[in-house]
Structures are given as C-alpha cells and as structure tokens.
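Visitor: Pasting in a structure now, in structure tokens, and then I'll have a few things to ask.
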C-alpha cells in the first residue's frame, strides 16, 4: 500500500532524538518543497533547529512553539495548519492523557481526511504502542506505511471511536420484524456494561424508539401507530468506559418535522441520559446515550 | 414464525407474515391434531389447475403423517371456490357446512374434529361484511363450546387488506398466536405474553378493541358482569410507545363506566402511559390473582 492518491497521510514519527526525526521526515519534506508545497514545523527549539541545520535555505514555516491543549486541537487547526497541501510536523498530543490524545488524533484524521497533506506527529520511543494505535500511518525509513494497530472509524459511522466509544456491534434492521433482534442484541450489551433493572429496560426501549424515530415511523399522538418502514436501516452500538450508545440510522420517507412539532425526541430523552437527532442528505441519525457508572 | 401453541386451544388465530411462516405453523398444528386422532377438514386455495397434488399439503412441506392422512381420508381438503358455492356467501350457509362436517365425522366414530382454513382474502369492504365475517367465526365458537372441536384460522398478513387484518384480530382476540406475542381468554382475564411493539401495534389494537367490545357485550346481556377488561400482562416482556398509545386511544373510546385494567404491567409501561397522559379509564393493578389491588 502506498500513499499515492490518498488525501491526508496522518503518520506517527517515533524518533530516538530530533536528528532521527529529521532523517525520517526528510524525504517527504524535500518532495513537498520541490512540488511547491508548504512545510510547517511545530516543534520545540531543539526540534526546529535540527530541521534548520539540514535545510538552511528552505522556505520552512517555523511558528514559535506553543502549548496546545489536545482537545481544542480541532479549533487550533485553522490557525496553525494553514497549509492545505504540504507537510506539517509537530508534537502536540503525545504527552496528553490517553482519552484526550486519542480524541485529538482521531479528530485530525477525520477533519483533514480530504486534504493532500502529510501530518507527522512526533512521539518518543517509549510511546510506540500508543502512537501506532492512534495513527493510520507510521513513518519508517522507507516512507509511510499503514499502522497495523490503528482502528479506523466504523465503516458505517464517521464518528471517531474516541468520541463515542468503540463500535461493538452493528445490527441491520431491514423492517419492523427485526426490531426484536435489535432489542435482544442491545439488551445483551447493556447488561454486559453493568446496567440492570429499570435503567437497563429504559436503555433498550430508548434504542428501540430511536430506530423508529430514525426511520420516520409515524407515532404522532392520536393516530394509529406506524410500523418501521422497510429499508437499509442500521443500529451501531458503541461502548465507552462510561456509557452505552445506540446510534440508529435510517432514511425517513417523510420530511423531518420542525423541532417544535415533534415531541418524540423529548420522550426519548426521558428514557436515557442524552438523545440527539441529526438530519442530513444521507438520512437521519438518532443517538441515545445511557451512562453506566 | 413457528407455531405450536402448546395445549390445543379451541379456536385459534395464527398470524403469519409470509406464506412460508404460515405453512410451518399450520404443518405443526396439523401434525399434532392428526397424531391425536382427529378428523381434520382443511379449506384452502388450489392453483388455477385445481390439483391438490400441487398444494403444499401434498408436498414435502407437510409431514409424512399429513400426506398419509390425505390418502386415508383422515384429512379432507376443500377448495375455497367450492366452499363459496356451497355456502352461498352467508353465515348460515357456512354454519350448515361446519355442522355437517362435524356431526358427520363424529358419527363415523372420530373422537375429535379439527378444522382449519387458509387466509380467505376477503376485502371486508363495509360494516355488513365485517358483521357476516364475525357471525361466521362465531359459529366455530358455538360448536367448539359443545363438541370436541379445534379450529385454526390462518391469517397471512400480506394477502389481506388492513381492514381484514385488524377485524380478524378483533374477532379472534380470545385466541391469537401472532409474531412475537400471543393472547388468550382465560375467562376472568385476557392474558397476553411476548413483546408488544410498533411492528404489531395495529394488530394488537384490533385484538384489544375486540376484547373491550366483548366485555361490553357480556355486561349488556344482563349477567351482572362488569364491563371492565382485565388484562394480565405478567407474560409481557416489552411494551413500546406505539402500543402504549394504542392502549390510551382504546381507553379514551370506551363507554363510560368501562375500564381497561392492566395487571402486573412491565416496569416501564407506567412511565409511558403517564407520558401519554393516561386517561382515567386505564387502571394499573397487581397480578390477576390479587384482583383487589387493582
């Protein structure tokens, strides 16, 4: 597998020292400079000096190193990473707490996915495992290679695992008869997560109702109840350290109601800790979250 | 759906969502009735060529016992068009055929009789047709109350219109085996079991309406019985918003003085009903055995 033709190459660079980092990055940096791309290096004084010594006349962008809060990295991207094509080398997330680092790296992978950009994140030799886990690529002397330990976002959902927890089950729900299977699968995961009693029942009911809402089943008060219309609907169950999330995706046949007209979301909110509805060109996604702590 | 309703019910409606599911359930019911030595009368649809050999009963989807019963005469098949000719489209005509088959079999020495019919594909276009349909089904109940008769009515949802499906559930509410849920009349209560959700909510609504209507009718016969419908929910594991809504709608339309008494409901049903502004006609109670707690 090569990086040719892909958008973002988000790679971990694990170097013994700044000079080692430069050796690994140099082929990509030189290729970018030759192609007229921009190269931005956001490292400490020793790191930037190592690059400057090897490329004394190159048009490198070397902003003053600043502390970066990993979870706000996405907000910082616009200001720091002005290069829409080229190379960015930095060390922003490596020393952050696990959750923050994974979230920030996943956000980078997601948000810059379509940019023809190489983003190299510098990690220390003792951080090899977490560097490989949080990056789709690893920079080697032979260039970027796919990271064997990286878990990409679920194929059916672009939300990074670090945001809502890893996907633990994907359940197709082609029609109303499949709702029973949805409930059984979700109930098993809810119980594994430690929920019991009425709270577990409510979580399962919330997932069931979320799927009906995602598919646009007509449940308006005073009318005969509507069954779940046939379609390629999908339940994605995510589980994090503190919550179980049912993410239901469907394609409602009727246009979404104005928020003030639809009481079903507020009903859902009574069955779980958090409920959201998102409508876009690809359909409707309803997420219900129940805490497990 | 696979159906073997356990102990035989006198008059049972088997609801299926495909021909295949209907055949699986019916094959099990037939095999049991034949094994217990019943004479079985089957009403169904033959193809355009009218050949029984083409019907599933004569093929591998039926048991060996069933195919042998067709040969020996323990199982008799009648094509629907012929039945319509004999009945003349009236409830009385059907009652006459039912009674003739029943008494003929008992006189031949059969110790019990079973009757089943495929989905009739009647559109039930108006109230008169619905009334005739109810009378015809009532004929089975009358005979089953007096003679050793078991009846299995097959309702294959895709071949019937919505009115037929809902009315059929209403007429048969005393014995229903549907996809994922069942209902049985236990005399002092209407016992439900399984999961009640949006997928079957309209059918459940039909059955509930039928049960409420029957409770009203019994009370109006001057028996001194209460018109309240006592629903035993002990065996129900799940109820969703759609079904809770069906209960609320049904309760809002009952005559004054009638109540829908829900015994031993699932934990969340109370919350759902409260969220739907539970009407006074719905009363929540403990297990049916503790009637006083209602």
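Protein chains in written order, with full-length UniProt numbering: chain X, 1 to 293; chain H, 1 to 294. Glycine residues also receive a C-beta, built at the ideal position from the N, C-alpha and C atoms. Nothing here was measured: the structure is a model prediction, and the numbers come from that model.
1. Report all residues from its chain with a CB closer than 7 Å to the CB of residue 124(H); omit the five preceding and five following residues, and keep chain order.
2. Examine chain X for any beta-carbon lying closer than 7 Å to the beta-carbon of residue 257(H), and answer yes or no.
3. Quick one: is residue 195(H) near chain X, going by C-beta distance under 7 Å?
4. Distance cutoff 7 Å, beta carbons only. Does residue 240(H) sit that close to anything in chain X?
5. Using the three-state DSSP reduction, which class does residue 254(H) fall into: helix, strand or coil?
6. How many Å lie between residue 112(X) and residue 121(H) at the Cα?
7. Candidates 285(H), 248(H), 286(H): which alpha carbon is nearest residue 277(H)'s?
8. Taking only runs of the beta strand (DSSP E) that begin and end inside the stretch 33-70 of chain H, which ones reach a length of at least 3 residues, in chain order?
9. What's the call for residue 198(X), buried or exposed, on a 16-neighbour Cβ count within 10 Å?
10. Considering residue 189(H), what are the terminal residues of the beta strand (DSSP E) in which it resides?
11. Excluding five sequence neighbours on each side, which residues of the same chain lie with their C-beta closer than 7 Å to the C-beta of residue 300(H)?
12. Say whether chain H places a C-beta atom closer than 7 Å to the C-beta of residue 274(X).
13. Does chain X have any CB closer than 7 Å to the CB of residue 198(H)?
14. Given that residue 180(H) touches chain X, what residues does it touch there, using C-beta distances under 7 Å?
15. Taking 7 Å as the CB-CB limit, is residue 281(H) close to chain X?
16. For a cutoff of 7 Å on Cβ pairs, would you count residue 176(X) as touching chain H?
17. Kindly confirm or deny that the stretch 40-52 of chain H and the stretch 109-120 of chain H touch, where touching means at least three C-beta pairs closer than 8 Å.
18. Evaluate contact between the stretch 17-29 of chain X and the stretch 46-54 of chain X, counting only Cβ atoms and requiring at least three cross-stretch pairs below 8 Å.
19. Would you please state the rounded distance, in angstroms, between the beta carbons of residue 94(X) and residue 122(X)? I believe it to be under 8 Å.
20. Starting from the beta carbon of residue 226(X), find every residue of chain H whose beta carbon is closer than 9 Å, and list them in chain order.
21. Hey, quick one: how far does the alpha helix (DSSP H) through residue 146(X) stretch, first residue to last?
22. Run through chain X and tell me which residues come within less than 7 Å of residue 17(H), C-beta to C-beta.
23. Please list the terminal residues of the continuous beta strand (DSSP E) segment that includes residue 299(X).
24. So, using beta-carbon positions, are residue 91(X) and residue 43(X) closer together than 7 Å?
25. For the pair the stretch 147-158 of chain H and the stretch 96-116 of chain H, tell me if three or more CB-CB distances fall below 8 Å.
26. For residue 267(H), go through chain X and note every residue whose CB falls closer than 9 Å to its CB, in chain order.
27. By how many angstroms is the C-alpha of residue 279(H) removed from the C-alpha of residue 3(H)?
28. Between residue 12(H) and residue 231(H), how many whole angstroms is the CB-CB distance? I'm expecting something under 8 Å.
29. Is the Cβ-Cβ distance between residue 170(H) and residue 184(H) less than 7 Å?
30. Start and end of the beta strand (DSSP E) containing residue 248(X)?
31. Determine, using beta carbons only, whether residue 275(H) comes closer than 7 Å to chain X.
32. Could you tell me which of 175(X), 174(X), 211(X) sits nearest to residue 186(X), measuring between CA atoms?
33. Mind checking if residue 289(X) is an interface residue toward chain H, Cβ cutoff 7 Å exclusive?
34. Does residue 209(X) get closer than 7 Å to chain H when you measure Cβ to Cβ?
35. Starting from residue 86(X), trace the beta strand (DSSP E) in both directions and tell me its first and last residue.
36. Three or more beta-carbon pairs under 8 Å between the stretch 49-62 of chain H and the stretch 83-98 of chain H, yes or no?
Guide: Looking at the atomic coordinates:
1. Hits under 7 Å: 130, 133, 163, 164, 167.
2. Contacts with chain X at 7 Å (Cβ-Cβ) do not include residue 257(H).
3. It does; some Cβ of chain X falls within 7 Å.
4. Yes, residue 240(H) lies at the interface with chain X (some Cβ there is under 7 Å from its Cβ).
5. In the structure shown, residue 254(H) adopts coil according to DSSP, grouped into three states.
6. Computed Cα separation, rounded: 59 Å.
7. Taking each of 285(H), 248(H), 286(H) in turn and checking the Cα distance to residue 277(H), the smallest one comes out for 248(H).
8. If we require 3 residues or more, the beta strand (DSSP E) runs fully inside the stretch 33-70 of chain H come out as 38-44.
9. By the neighbour-count rule (16 or more Cβ atoms within 10 Å), residue 198(X) is not buried but exposed.
10. Residue 189(H): not part of any beta strand (DSSP E); DSSP gives it neither H nor E.
11. An answer regarding residue 300(H) cannot be provided, because it is not within the stretch 1 to 294 covered by chain H.
12. No, residue 274(X) does not count as interfacial toward chain H.
13. True, the Cβ-Cβ gap to chain X drops below 7 Å.
14. Neighbours of residue 180(H) on chain X, chain order: 180.
15. Cβ-Cβ to chain X under 7 Å: no for residue 281(H).
16. With 7 Å as the cut-off, residue 176(X) counts as an interface residue toward chain H.
17. Look at the beta carbons and you see the stretch 40-52 of chain H touching the stretch 109-120 of chain H: at least three pairs across the two are nearer than 8 Å.
18. In short, these stretches touch, since the Cβ pair count reaches three.
19. The Cβ separation is near 7 Å, so the contact holds.
20. Those within 9 Å of residue 226(X) in chain H are 198, 201, 202, 242.
21. For residue 146(X), there is no enclosing alpha helix (DSSP H); the enclosing beta strand (DSSP E) has its first and last residue at 143-146.
22. Here the neighbours are 177.
23. No information on residue 299(X) is available, as it lies outside the stretch 1 to 293 that chain X covers here.
24. Their beta carbons are under 7 Å apart, which means residue 91(X) touches residue 43(X) by this criterion.
25. Cβ pair count under 8 Å is three or more, so yes.
26. Neighbours of residue 267(H) on chain X, chain order: 197, 198, 201, 202.
27. Residue placement at residue 3(H) is flagged as unreliable, the pLDDT there being 38, under the threshold of 50; a coordinate-derived value is accordingly withheld.
28. Between residue 12(H) and residue 231(H) the beta-carbon gap is near 19 Å, outside 8 Å, which marks them as no contact.
29. No, the pair does not count as a contact, with Cβ atoms beyond the cut-off.
30. Taken as a continuous stretch (DSSP letters only), the beta strand (DSSP E) holding residue 248(X) covers 243-250.
31. True, the Cβ-Cβ gap to chain X drops below 7 Å.
32. Ranking 175(X), 174(X), 211(X) by Cα distance to residue 186(X) puts 211(X) first.
33. Residue 289(X) is outside the set of residues whose beta carbon lies under 7 Å from a beta carbon in chain H.
34. Closer than 7 Å to some Cβ of chain H, the Cβ of residue 209(X) qualifies, so yes.
35. First-last of the beta strand (DSSP E) with residue 86(X): 86-90.
36. The stretch 49-62 of chain H, when compared against the stretch 83-98 of chain H, does not touch it at the 8 Å Cβ threshold.
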